[in-house]
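All remarks here apply to the structure that follows.
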Amino acid sequence: MDWQSDANDIEAGFAPTLEAWYERHKRDLPWRHTRDPYRIWLSEVILQQTRVAQGKPYYERFIDAYPTIADMARADERELLRLWQGLGYYSRARNLHQTARYVTDELAGKFPDSFQKLLKMKGIGVYTAAAVASFAFGERVAVVDGNVYRVLARVFGIADDITTTTAKKTFAALAQRLIQQANDPAIYNQAIMEFGAIQCTPVLPDCLLCPLQQQCIAYQTGRQQKLPVKAKKSPVRERYFQYIVFRNGNRIAMRERLGRDIWQNLYEFCCLETDEPKARLSEFDLPDMVAGLVQQGVLSAEPVEGVQLLSHQRIRAVFYEIVLPDTVTDTLPMGLQWYSAAAVHDLPKPVLITNYLAKRFG
DNA sequence: AATGCGGGGGA
DNA sequence: TCCCCAGCATT
């Protein structure tokens, strides 16, 4: 099994290589001069989804204001939030305060000293628990953050979508295997994140000077830019449907939706899609056939707005009800046909249409 | 499993 | 612009 021994060899050398790299390249950061769990915890919370450059001055300010966890516990929450101002994700500050008080008052100031205990604290999730447990207490538990996903995906050529639960498990298991070979779990955890932050960067990683160049699958196959794979959260597409609801007595003009779009084979009213939101008939152009028909009728009520959220689209609809006189015998455009109220009821329709009918006609 | 939650920096 | 950043809590 050649591939297996190769993979194991790469895994075996991984942690020590990064630890050696770290000793040569690490930045001098204030929270790296302490093993005080309070300070490490504070730094980790500040750095959640936050770059070192942005978080560093805040860390200094907080340590000045609250040198110990008891100081933070006694502080006024508004004061904490003021210090936090500008960092974002303000629940972090509230959770910080809550945990500071809990540790001070309920745990007699003794900071939780294991991964499992740390996990129970407000604002401490899997990442932060692993970070504090390893940095402050030397526990051999691997951190998995955005840097780790990137480094592991590239070095080991893992193309799984990191936004999925199964991929997260895969990466966590690999990371936990890798840390077993580390000389010092605290150093190793710092090392892989520092490596991701300044060498194996999201764009333009410095592969030419990389100590893992020879074993990096991404480098060997030229896929640095493609890894890690992260599903783009497709922005919800905004669409604007203007529905002309033609009425004649108790009949309504409806058509079947055809073609490669939403609501295939469902029935709707005369539908005109616009690029921008509209609120009145006069704000957009009607096809000639439709315009001619509209002119013969009267707008019978204020336009009605409706919204329908699909997985990747938000349909904002406006319904304009036009009542036509019996004298109109024009052929209906756009494949529209007249349906009695009972027939309309039986047609398959999008919820958006059904809701409108219910709202308008009960 | 999906969302909401912030603000800044770099390409 | 878009993406990403030492993620977490809630539903």
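Per UniProt numbering, the very first residue in the first sequence carries number 1; after that it's consecutive.
Using N, Cα and C, we set each Cβ at its ideal position, and we do this for glycine too.
Model, not experiment: these values are computed from the prediction.
Note on Val307: under 16 other CB atoms within 10 angstroms of its CB, so exposed under the neighbour-count rule. Rounded to the nearest angstrom, the gap between the Cα atoms of Gly123 and Leu107 is 17 angstroms. Shown here, Gly306 sits in a strand according to DSSP, grouped into three states. Approximately 7 angstroms separates the beta-carbon atoms of Ala153 and Ile162; this is inside 8 angstroms, confirming the contact. Between Ala136 and Pro37 a beta carbon distance of about 4 angstroms is seen, short of the 8 angstroms cut, so the two are scored as contacting. Note that the C-beta distance between Arg255 and Leu336 is below 9 angstroms. In the pairwise beta carbon analysis, the segment 17–25 is classified as not touching the segment 53–65: fewer than three pairs are separated by under 8 angstroms.
Met254: member of the beta strand (DSSP E) spanning 251–256, first to last residue. The alpha carbon of Asp145 has as its nearest neighbour, out of Asp288, Gly259, Gln190, the alpha carbon of Gln190. For the pair Pro333 and Leu293, the CB atoms are nearer than the 9 angstroms cut-off. Bounds of the beta strand (DSSP E) holding Ser340 are 337–340. The three-state secondary structure of Tyr243, taken from DSSP, is strand. Here Asp105 is not near Ala75, since their CB atoms are 9 angstroms or more apart. As for any alpha helix (DSSP H) of minimum length 4 sitting wholly inside the segment 86–159, the runs are 91–101, 115–119, 126–137, 146–155, ordered along the chain.
Ala167 is classed as buried because its beta carbon has at least 16 other beta carbons within 10 Å across all chains shown.
Shown here, Phe319 sits in a strand according to DSSP, grouped into three states.
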